[in-house]
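*Asks:* Residue numbers (full-length UniProt numbering): 1 to 422. C-beta atoms are modelled at their ideal positions from N, C-alpha and C, and glycine is treated no differently. Predicted model only: the values in this text are computed from it and were never measured. Here's a structure for you.
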């Protein structure tokens with residue numbers, strides 16, 4: 001990162017060249033992994049510089065428009081542009097800022113599914129693309145781009161009918177993922193990078209669906225027209241928590257890979273915390289209506305209540321472990337602790353509540369394949385994490401300065417006019 005910054009300072013990056021874009025990308029690649037620690041704003045500022053430089057150089061136009069450009073250079077520009085497009089989408093969500101790239105004003109096509117060794121500066125034509133089912137960085141990037149394009153088409157002004165239509169498009173896009181990016185196929189002995197890639201594209205799908213339907217989560221309690229949206233939102237939230245557990249369980253026996261996974265968890269922590277909070281919000285609204293244990297639209301049978309509460313508890317434990325390297329992880333765990341205490345107190349005080357016997361078990365089955373629990377024998381990542389795997393003492397609600405009413409109101413209404421419901 002230091003060398004890239006030195007090169008940029010010595011050159012006039014206000015008159016960019018392809019080398020300027022490359023140096024900025026190298027700096028951004030070093031800056032972005034630490035966005036979870038210092039905030040996403042710094043990374044988004046650097047992204048703004050490199051994106052505008054790329055626009056100035058015409059990266060947003062397909063290389064076919066430039067007859068004097070070599071085949072090799074054109075393919076590299078495609079890879080560069082779509083890498084920027086994806087970072088723009090993801091950092092916009094994380095930083096709460098509008099996107100920089102208008103998809104309607106670019107016609108750059110996706111790069112071919114080729115490895116670096118398939119390309120040569122002297123080539124006169126591109127070789128036959130590899131199968132999308134072959135694990136390659138470009139195969140991963142292209143499918144992720146397709147999902148992010150769907151996410152980018154979301155708007156807070158969409159009608160419920162449009163939301164349902166876009167949900168179908170999202171599902172169709174997700175089903176086109178290569179087999180090696182299916183999380184069901186990576187539960188065995190696969191390289192860590194394959195698991196992380198599969199989890200990332202799955203998480204993008206779940207995050208998009210949560211953003212798409214969460215406006216209707218609370219109205220669905222009183223209006224059956226939105227029952228499907230509530231179901232989809234809750235299902236995606238539960239799936240996201242499961243994906244978080246997959247990453248935490250994947251220690252691979254190597255400290256470096258484990259730390260890489262945990263840094264990735266922190267980078268996408270916004271989605272994981274959103275999932276846990278959506279489950280909390282849904283239960284909290286049912287508690288306020290005092291109809292959680294009565295038949296009707298809001299009724300949850302005992303097993304469903306138990307499963308939901310256990311998912312929130314698992315999310316709490318995982319955030320406690322993440323707190324080793326990220327203070328916000330422990331803050332998230334503390335908030336979930338307070339909410340869990342509220343739900344547990346409500347359950348205990350309800351005479352019509354579910355049978356609470358065995359509610360403290362951490363092995364409740366869900367509809368997803370279950371990895372080993374956090375406290376499973378032989379689970380080791382690195383020595384300093386062992387103490388954090390045990391849940392922190394329960395906290396009083398007064399220790400968490402959280403305006404739950406404002407948070408719920410913010411989730412119930414969309415306020416972003418930039419294309420993504422943040």
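Determine the extent of the alpha helix (DSSP H) in which residue 172 is found, giving its start and end residues.
*Replies:* In the chain shown, counting from the first residue as 1, residue 172 sits at position 172. Run containing residue 172: 160-175, per the alpha helix (DSSP H) assignment.
*Asks:* For residue 41, does the count of other Cβ atoms within 10 angstroms reach 16, so buried, or fall short, so exposed?
*Replies:* Your numbering for residue 41 matches position 41 in the chain shown. Exposed is the call here.
*Asks:* Use the C-beta contact count for residue 169: other C-beta atoms within 10 angstroms, 16 or more gives buried, fewer gives exposed.
*Replies:* Taking the chain shown and counting its residues from 1, the one referred to as residue 169 is at position 169. Residue 169 should be labelled exposed.
*Asks:* Under 8 angstroms, do residue 243 and residue 284 count as touching if we go by C-beta distance?
*Replies:* Start at 1 with the first residue of the chain shown, and residue 243 comes out as number 243. Start at 1 with the first residue of the chain shown, and residue 284 comes out as number 284. No, the Cβ-Cβ distance between residue 243 and residue 284 is not below 8 angstroms.
*Asks:* Give a yes or no on whether the C-beta atoms belonging to residue 28 and residue 43 are separated by under 8 angstroms.
*Replies:* Locating residue 28 in the chain shown gives position 28, counting from the first residue. Locating residue 43 in the chain shown gives position 43, counting from the first residue. Result yes, Cβ atoms of residue 28 and residue 43 sit closer than 8 angstroms.
*Asks:* Are residue 135 and residue 180 touching if we call contact CB-CB under 8 angstroms?
*Replies:* Locating residue 135 in the chain shown gives position 135, where the first residue counts as 1. Locating residue 180 in the chain shown gives position 180, where the first residue counts as 1. Yes; because the gap between Cβ atoms is below 8 angstroms, this pair is in contact.
*Asks:* So, at 7 angstroms on beta carbons, what are the nonlocal neighbours of residue 220 in its own chain, with the 5 sequence-adjacent residues on each side left out?
*Replies:* Position 220 of the chain shown, counted from the start, is the residue given in the question as residue 220. Around residue 220: 226, 227, 229 and 230.
*Asks:* If you compare alpha carbons, which of 55, 148, 335 and 88 is closest to residue 317?
*Replies:* Sequence index remark: in the chain shown, residue 317 carries index 317 (1-based). When only C-alpha atoms are compared, the closest one is 335.
*Asks:* By the three-class DSSP mapping on this structure, what secondary structure does residue 274 have?
*Replies:* Indexing the chain shown from 1 puts residue 274 at position 274. Three-state DSSP puts residue 274 in a helix.
*Asks:* Apart from the five residues on each side of it in sequence, which residues of its chain come closer than 7 angstroms, Cβ to Cβ, to residue 178?
*Replies:* In the chain shown, residue 178 corresponds to position 178, counting from 1. 132, 133, 139 and 143, listed in sequence order.
*Asks:* Around the Cβ of residue 3, are there at least 16 other Cβ atoms within 10 angstroms (buried) or fewer (exposed)?
*Replies:* Here residue 3 corresponds to residue number 3 of the chain shown, with the count starting at 1. Residue 3 comes out exposed.
*Asks:* First and last residue of the alpha helix (DSSP H) that includes residue 225?
*Replies:* Sequence index remark: in the chain shown, residue 225 carries index 225 (1-based). Run containing residue 225: none; DSSP gives neither H nor E here.
*Asks:* Excluding sequence positions up to five away, which residues of its chain have a Cβ less than 8 angstroms from the Cβ of residue 86?
*Replies:* As a working note, residue 86 is residue 86 in the chain shown. For residue 86, where only same-chain residues beyond five positions count, the Cβ hits under 8 angstroms are 141, 144, 145 and 148.
*Asks:* Are the Cβ atoms of residue 97 and residue 51 separated by less than 8 angstroms?
*Replies:* Your numbering for residue 97 matches position 97 in the chain shown. Your numbering for residue 51 matches position 51 in the chain shown. No. Outside cutoff.
*Asks:* Following the continuous alpha helix (DSSP H) through residue 12, name the residue where it begins and the one where it ends.
*Replies:* Walking along the chain shown from the start, residue 12 turns up at place 12. Segment: none, residue 12 is in no alpha helix (DSSP H) and carries neither H nor E.
*Asks:* Determine the extent of the alpha helix (DSSP H) in which residue 42 is found, giving its start and end residues.
*Replies:* One-based indexing of the chain shown puts residue 42 at position 42. Start and end: 40-56.
*Asks:* Just checking my contact of residue 75 with residue 111 at CB under 8 angstroms: how many whole Å lie between their CB atoms?
*Replies:* Indexing the chain shown from 1 puts residue 75 at position 75. Indexing the chain shown from 1 puts residue 111 at position 111. So it is a contact: roughly 6 angstroms between Cβ atoms.
*Asks:* In terms of alpha-carbon separation, which member of 103, 128 and 188 lies closest to residue 113?
*Replies:* If you number the chain shown from 1, residue 113 lands on position 113. Of 103, 128 and 188, the residue nearest in Cα terms is 128.
*Asks:* Please give me, in chain order, every unbroken run of the alpha helix (DSSP H) with length at least 4 that falls completely inside the stretch 71-103.
*Replies:* Complete alpha helix (DSSP H) runs here, min 4: 71-95.
*Asks:* Could you check the C-alpha separation between residue 9 and residue 89 for me, to the nearest Å?
*Replies:* Counting from one through the chain shown, the residue named residue 9 turns up at place 9. Counting from one through the chain shown, the residue named residue 89 turns up at place 89. Answer to the nearest angstrom: the Cα atoms are 27 angstroms apart.
*Asks:* Could you pull out every unbroken alpha helix (DSSP H) segment of at least 4 residues lying fully inside the stretch 124-153, listed in chain order?
*Replies:* Fully enclosed alpha helix (DSSP H) runs of 4 or longer: 137-152.
*Asks:* If I'm right that residue 107 touches residue 167 with Cβ under 8 angstroms, what's the distance once you round it to whole angstroms?
*Replies:* Counting from one through the chain shown, the residue named residue 107 turns up at place 107. Counting from one through the chain shown, the residue named residue 167 turns up at place 167. Actually they do not touch by this definition, with Cβ atoms about 27 angstroms apart.
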